[in-house]
Amino acid sequence: MKDQSKSSRRQEEEEVKLPWNAELEVKDLIKPITLRRIRLFQTAGALFLLLAAGLGAWWFFVKPPSGERLVEDMVAAAGGMDNWQDIRDGSFVRTHRMYDENGKVIKQSEETFFFKNNQEGHQLLIKSLTNSGDRVVVGHDKDGYWAVKNSDEVEPVKIAKDLEFMCDDEHCSPLCASEMALYRMSFPFKLTDGGVIPRNAGTAILNGEKATLLDVTFDPAVGHDRWIFYVSPATHLIRKIEHYGSVEDNAQPEEIFLSDFKKEGDIMLSHSNKYYRSNGKILEEYLISDVKFNASLGADLFERPQQVSMVSK
C-alpha cells in the first residue's frame, strides 16, 4: 500500500508543469550562469523599445521633410492650390528699374500683363508705356504674334527685342521673357505640375538667416533646366531663386531675390524681385503693383486688332 501511495504522489508531481520562466530560473539556481536568461530577455526587450521610440522621434521630429512636403508647405503658405486654381484671368503692372553703381535709377519702363487661363494653358498680352511715351501692345493668337505701336502695326519681333520682351536666344519668341516672368510669378504653384522633381537639398545661410534649399529638376520629357529655391523655414515663402540653364550647368546662375510679400486676394505674392551686381550693389528691380485677379477680362481684349494684318506669324 505504501509503495502505491508513493507512486501516486510521484505521478502527480510529474504532471504539474512550471511556467517557462520559472523552469529557467530553477535551472539557473541549480546551475548558475553569468546573466540569467530572463534578465537577458528583459534587457533585449527594453533596448528594442528604446530603439523603436528613437526611430519614431527621428521620423516625426528630426528627419528633414521631403521635397514634396516642402512644396506642399510652400503652396499652403502662398494661399493654397484651390485658391490658385480658382483664378480665371487677371492683370498686373510690372515696373522695371535699372540702377547705376550709386543706386540711382537710370532707366525705367512699365508693362501691364493681361492673362486669361484656358484649357491650353493661358493667353498673354502685354501693354507697355515706353520712356518716350509710346504705347505698345504685343499679343498672340492662333495665327501668331502681332504688335501695335500707337495704333499702327509694327513688326512683333523687332519691337519685342527693343522692349526686352524676349531673350537673346535665337529660337526665342516675341513674348518669351514675359512668359518666363509670368511663370516665375506662379511659383510655388507650378512646382506641383507633372514631371517636376523636387528634392530637399539641406540648408544654407542667406543674408545672415537660415534658409531651406529646394532643388528642382524635371523629367527629361518636361524640361532640362534646374531651379534652386531658398525658402524661409518660418514662413515657407521663397526668399531667393537660382536658375540654371541645365542640370549639368555650373555657370553663374540667374539670381533673383524676392521680398515685399503681400496678399492679393487669397494669394501671397512677392512685389519686388531684385538682381544684384557681384559687388553686392543693386543692378535692376521688378516691382509688381495693381494686381487684379478674376477681373472678368473680355475675350476681345486678346483679339488681333482689325488694322493688324494676318502675316505676323
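When the count follows this note's numbering, it moves up by one through the sequence shown with no breaks and lands on 332 for the last residue. Yeah, the Cβ is synthetic: ideal placement off N, Cα and C, and Gly gets one too.
Exercise for the section: State whether the stretch 105–115 contacts the stretch 88–95, with contact taken as three or more CB pairs (one from each stretch) at a distance under 8 Å. Expected result: no
Handout entry: Cβ pair W103, F208 closer than 8 Å
Key = yes
Exercise for the section: Report yes if the CB atom of L233 is closer than 8 Å to the CB atom of L89, and no otherwise. Expected result: yes
Practice task
Tell me, please, which residues DSSP counts as bridged to P217.
Solution key: V235
Exercise for the section: Tell me where the alpha helix (DSSP H) around K177 begins and ends. Expected result: 175–181
Handout entry: Coarse secondary structure for V90, derived from DSSP in three states
Key = helix
Problem - Cβ contact check for the stretch 162–174 and the stretch 137–144: 3 or more pairs under 8 Å - result: no
Practice task
Take L355 and list the residues in its own chain whose beta-carbon comes closer than 6 Å to its own, dropping the five residues that flank it on each side.
Solution key: Outside the shown range of the chain (20 to 332) lies residue 355, about which nothing can therefore be said.
Practice task
Could you say which of S291, E129, D187, P252 lies nearest to F276 if we only look at CA atoms?
Solution key: S291
Problem - C-beta atoms of E273 and D160 nearer than 8 Å - result: no
Problem - Terminal residues of the beta strand (DSSP E) in which L201 lies - result: Careful: L201 lies outside any beta strand (DSSP E), inside the alpha helix (DSSP H) at 195–204.
Exercise for the section: Could you name the residues of the same chain whose beta carbon sits closer than 6 Å to that of H262, not counting the 5 residues immediately before and after it, in chain order? Expected result: W246, P272, E273
Practice task
Verify whether the separation of the beta carbon atoms of G86 and R218 is less than 8 Å.
Solution key: yes
Handout entry: Alpha-carbon spacing of D285 relative to D212, whole angstroms
Key = 21 Å
Practice task
Rank K293, D187, D244, V215 by C-alpha distance to the C-alpha of A270 and give the top, closest one.
Solution key: D244
Exercise for the section: Only counting runs of 3 or more residues, tell me where the beta strand (DSSP E) segments fall wholly within the stretch 124–188, in order along the chain. Expected result: 124–137, 140–148, 154–160, 163–168
Handout entry: Neighbourhood of D119 by C-beta distance below 6 Å, restricted to the same chain and skipping five residues each side
Key = I125
Handout entry: Range covered by the alpha helix (DSSP H) that runs through D101
Key = 100–104
Problem - Separation of V310 from N150, as counted between CA atoms - result: 22 Å
Problem - Candidates F67, G98, D108, L70: closest to L320 by CA position - result: D108
Exercise for the section: Please classify K332: does DSSP put it in a helix, a strand, or coil? Expected result: The predicted model places K332 with a pLDDT of 45, which falls under 50 and marks its position as unreliable, so this point remains unresolved.
Exercise for the section: State buried or exposed for E228, treating a residue as buried only when at least 16 other CB atoms are found within 10 Å of its CB. Expected result: exposed
Handout entry: Candidates P175, V250, S297, of which the one nearest P84 by Cα
Key = V250
Exercise for the section: Using a threshold of 8 Å, state whether the C-beta atoms of T236 and I216 are closer than that. Expected result: yes
Handout entry: CA-to-CA distance, F133 to P175, given in whole angstroms
Key = 17 Å
Practice task
Please go through the same chain and pick out, in chain order, the residues whose beta-carbon is closer than 8 Å to the beta-carbon of V173, but skip the five residues on each side of it.
Solution key: V155, A166, V167
Handout entry: L288: first and last residue of the uninterrupted beta strand (DSSP E) it sits in
Key = 286–295
Problem - Own chain, CB closer than 8 Å to I106, minus 5 neighbours either side, in chain order - result: N136, I286, F312, N313
Exercise for the section: Output the distance between the C-alpha atoms of H190 and L70, rounded to the nearest integer angstrom. Expected result: 58 Å
Problem - L54 - DSSP class collapsed to helix/strand/coil - result: Bear in mind that a pLDDT of 48 at L54, under 50, signals an unreliable position, so the number given afterwards is only what the model happens to contain. If DSSP states are grouped into helix, strand and coil, L54 belongs with coil.
Practice task
Could you tell me which residues DSSP puts in a beta bridge with E256?
Solution key: At residue 256 the sequence reads Leu, which differs from the Glu that was named. Its beta-bridge partners do not exist; DSSP assigns none.
Problem - One or two residues paired with E283 in a DSSP bridge - result: I286
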